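If you count the sequence shown from 1, position 24 lands on 24 in full-length UniProt numbering, and the numbers rise without skipping.
As structure tokens, the structure follows; a few thoughts come after it.
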Amino acid sequence: MRDAYLIGAGQSPYGAFPDESYRSLFRTAYEAAVESVPNGLESDDVDEAFVGTLGVGGRQLGLPGPAVTEHVGLDGVPCTRVENACAASGFAVRQAIQAVKSGMADVVLAGGFEVMTDMSSDATKYWLGVSGETEWERLSGTTFSGVYAQMASAHMDAYGTTREQLSRVAVKNHANGAKNPHAQLGFECSLEDAQSAPVVADPLNLYHCCPTSDGAACALIVSEDVVDDYTDEPIRVAGVGAGSDTVGLFQRDSYTGVPASQQAAEAAYEMAEIEPGAVDFAEVHDCFAIAELLAYEDLGFCEKGDAGAFVESGATRLEGELPVNTSGGLKSKGHPIGATGAGQVVEAFKQLSGTAGDRQLENPTRGLTHNVGGSGGAAVVHVFEKETEVNA
């Protein structure tokens with residue numbers, strides 16, 4: 001199969017935007033992605049599109065993909081809506097890569113959007129709940145935060161993980177988000193702030209939980225046959241992996257890991273022909289602080305049970321040996337469900353193209369993105385590498 005390349009990516013700001021629509025947010029992201037392509041790109045170049053969205057609020061549940069692509073001028077371009085809960089646009093990126101690698105298309109748009117802040121708290125809880133196991137978990141009263149609280153409690157009981165270590169995830173990600181002009185919660189917080197916040201679902205407090213967000217993100221994937229038309233510094237899709245698991249947490253044998261993430265990471269590393277230590281930075285799915293700690297272990301960044309100590313060591317800070325969530329992550333940048341996976345790819349593109357501003361790492365070569373649906377019913381991992389540096 002052909003190699004696939006990431007030539008551009010962009011996003012809207014994340015936050016609450018009562019004067020914006022899902023179409024206008026997507027237009028902002030699409031135009032930013034096109035503008036980021038070094039040698040330029042015309043709308044007529046795009047062969048296909050994949051758009052991720054959960055459809056929070058019930059707006060345009062049918063054909064939301066064509067609804068946004070025609071709005072940005074891609075009339076007639078084949079468009080598929082992808083739904084995989086919080087991993088919707090991560091899987092849209094995967095579909096775009098598959099379309100390119102298979103030879104079906106040379107230039108593919110992958111993106112996502114969500115509007116989540118224009119409804120009551122009860123309605124928001126309902127729409128978050130549809131990504132959980134609805135027949136048993138949700139009808140028994142379990143919330144999204146409650147499910148991850150169970151995972152946090154299990155990890156704390158099994159490995160001695162502490163509430164302070166959970167809070168250190170929030171402190172780190174807020175420090176990074178404060179450097180990101182697109183972040184919803186773009187402010188720093190102290191460890192004391194993160195430890196003393198009101199409890200949401202014990203042991204998780206407010207600072208251990210990501211916000212609900214409006215936003216959109218887009219990425220442009222092209223084939224090896226045309227990449228030179230768009231950039232002189234290609235970013236290759238080195239590895240892709242995906243996995244799935246039971247939707248309900250209660251159906252799993254263990255609460256201290258996400259098997260779908262492990263499966264996705266293993267496949268991505270195998271395809272990229274690398275070990276976890278070869279990754280220079282990662283954007284991981286930190287919908288709750290415990291989710292980031294689980295990701296460290298599931299992705300092979302540290303040994304099982306060592307995630308708390310790993311974050312406490314400073315290894316995942318911006319200046320650490322493996323920076324994680326340089327964008328601020330879901331915790332600080334925000335979590336517009338359908339846009340999150342593509343938004344992670346935006347950060348990978350910025351870091352690898354040297355355009356990440358105040359949070360720019362020193363000459364990274366290889367980055368990883370990790371996007372999870374629900375409490376782990378689906379997961380997708382991508383590995384991107386700066387080809388000129390790898391082959392130097």
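Glycine residues also receive a C-beta, built at the ideal position from the N, C-alpha and C atoms.
Bear in mind the structure is a predicted one, so any value in this text is a computation, not a measurement.
Item                                                                                                                     : Value
Residue range of the unbroken alpha helix (DSSP H) whose run includes N173                                               : 163 to 177
N- and C-terminal bounds of the beta strand (DSSP E) containing F50                                                      : 48 to 52
Sequence-distant residues of its chain with Cβ nearer than 8 Å to V311 (five each side left out)                         : Q165, R168, V169, K172, E292, L293, Y296
Three-state secondary structure assigned by DSSP to D74                                                                  : The amino acid occupying residue 74 in the given sequence is Leu; Asp does not appear at that position. Coil at L74, not helix or strand.
Residues sharing a beta bridge with E135, DSSP                                                                           : Per DSSP, none; premise fails for E135.
Whole alpha helix (DSSP H) elements within the stretch 79 to 167, 4-residue minimum                                      : 88 to 102, 121 to 129, 144 to 159
The stretch 196 to 207 / the stretch 88 to 97 touching (three or more Cβ pairs under 8 Å)                                : no
Stretch pair the stretch 322 to 331 + the stretch 274 to 291: three plus CB contacts closer than 8 Å                     : yes
Environment of F250 [buried if 16+ CB atoms lie within 10 Å]                                                             : exposed
Three-state secondary structure (DSSP) of H208                                                                           : helix
Option in A9, D245, A289 with minimal Cα separation from R27                                                             : A9
Element boundaries [alpha helix (DSSP H), containing G341]                                                               : 340 to 353
Distance between G243 and A315 (C-alpha atoms, nearest Å)                                                                : 27 Å
Cβ-based neighbour list, S375, same chain, cut-off 6 Å, excluding 5 preceding and 5 following                            : V147, L249
Three-way DSSP call (helix, strand, coil) for D193 in this model                                                         : helix
Neighbourhood of V380 by C-beta, 6 Å cutoff - its chain only, sequence neighbours within 5 removed                       : A87, G90, F91, R94, A242, A264, N371
CA-to-CA distance, G308 to Y159, given in whole angstroms                                                                : 9 Å
Cutoff 6 Å; reference H155; Cβ partners in own chain excluding five residues on either side                              : T161, T256
Cut-off 6 Å between Cβ atoms - residues of its own chain near E133, not counting five sequence neighbours on either side : V247, G248
Meets three-Cβ-pair contact criterion under 8 Å: the stretch 270 to 279 and the stretch 110 to 130                       : no
R59 and Y30 closer than 9 Å at C-beta                                                                                    : no
Among A339, E224, A238, the one whose alpha carbon lies nearest that of D232                                             : E224
Nearest residue (CA-CA) to R81, options E48, T53, L74, A105                                                              : T53
Identity of the residue in S145, D193, M151, G141 nearest D253 by Cα                                                     : M151
Secondary structure of D214, DSSP reduced to three states                                                                : strand
Where L63 falls, given that 16 or more other Cβ within 10 Å makes a residue buried                                       : exposed
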